[in-house]
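A.B. asks:
Residue numbers (our numbering), protein chains in the order written: chain A, 1 to 115; chain B, 1 to 109.
#1: Is it a yes or a no for the region 2-11 of chain B touching the region 39-56 of chain B, going by three-plus beta-carbon pairs under 8 Å?
#2: Please list, in chain order, the chain B residues whose beta carbon lies closer than 8 Å to that of residue 65 of chain A.
#3: With 7 Å as the C-beta to C-beta threshold (strictly closer), list the residues of the region 14-43 of chain A near chain B in chain order.
#4: Candidates A/40, A/6, A/95 and A/30: which alpha carbon is nearest residue 71 of chain A's?
#5: Whole-angstrom Cβ separation of residue 9 of chain B and residue 103 of chain B, contact assumed at under 8 Å?
#6: How is residue 93 of chain B classed by DSSP in three states: helix, strand or coil?
#7: For a test of your reading of the model: does the CB of residue 38 of chain A fall under 7 Å from any non-hydrogen atom of the ligand GTP? Yes or no.
#8: State the beta-bridge partners of residue 116 of chain B as determined by DSSP.
#9: Nearest-angstrom Cα distance between residue 42 of chain A and residue 100 of chain B?
#10: According to DSSP, simplified to helix, strand and coil, what is residue 118 of chain B?
#11: With a cut-off of 8 Å, does the C-beta of residue 80 of chain A fall near any C-beta of chain B?
#12: Using CA atoms only, rank isn't needed, just tell me which of B/30, B/75 and B/12 is closest to residue 69 of chain B.
#13: Which residues mark the beginning and the end of the beta strand (DSSP E) in which residue 48 of chain A is found?
#14: Give, in chain order, every unbroken run of the beta strand (DSSP E) that is at least 3 residues long and sits entirely within the region 5-33 of chain A.
#15: Could you tell me whether any Cβ in chain A is nearer than 8 Å to the Cβ of residue 54 of chain B?
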């Protein structure tokens, strides 16, 4: 079956602009995660959805970052007033059920560059 | 929170060689996954192995949960094995996976 998909694959934006990154999880997966990966590092957690609600957003770095999952499937990560430090690869993952015990599957990521 | 350490940080091999990658973690886990990140950045699931031993072709993994470590074995390495290998763990208290810093493997022909 289809894996996790993310669009766009690359996004270049100017400092101060607003961006939206989209994630389509594996069909039927109830849990969805966003991670951010900086160069030379492992992915770091941003936010976690169970169904439609954000169950844990403790990893979001500040209030410029926001994410939604209105129908419990597709999710959008929104970044306002982008800064050069936001440049990174944004990864989305999904698992069949909520909770860390379940295997997570990752999308190909969106590479965000803020100039 | 839980700490994850991977070793070695870098590994250079000739094609056909075998290797062992290690992942140490600081607390009990209910999830441990090994990933291969290819040169295009895609994280490919290798093993879901919170305990026990699994094998998949030339790759195998063992997690000794009581001693808080996991090993990934790569036999008869190929150039396509090159990339970064990540270990990631989850625990009951946490929400998401915690990743190590990875091992960068370079296999030359």
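The C-beta atom is built at its ideal place from N, Cα and C for all residues, glycine as well.
C.D. replies: So, from the data block:
#1: no
#2: Result: empty, since nearest Cβ-Cβ is about 15 Å, beyond 8 Å.
#3: If the cut-off is 7 Å between Cβ atoms, the region 14-43 of chain A has 33, 41, 42 and 43 near chain B.
#4: A/30
#5: Rounded, the Cβ-Cβ distance is 6 Å, consistent with contact.
#6: Three-state DSSP puts residue 93 of chain B in coil, outside helix and strand.
#7: Among the components of this structure there are no ligands whatsoever, and the ligand GTP is therefore not found.
#8: Residue 116 of chain B is absent from the model: chain B starts at 1 and stops at 109.
#9: Each residue's alpha carbon lies about 6 Å from the other.
#10: No answer is possible for residue 118 of chain B: the residues shown for chain B start at 1 and end at 109.
#11: no
#12: B/30
#13: 44-50
#14: Complete beta strand (DSSP E) runs here, min 3: 5-7, 10-13 and 19-24.
#15: Not a single C-beta of chain A is nearer than 8 Å to the C-beta of residue 54 of chain B.
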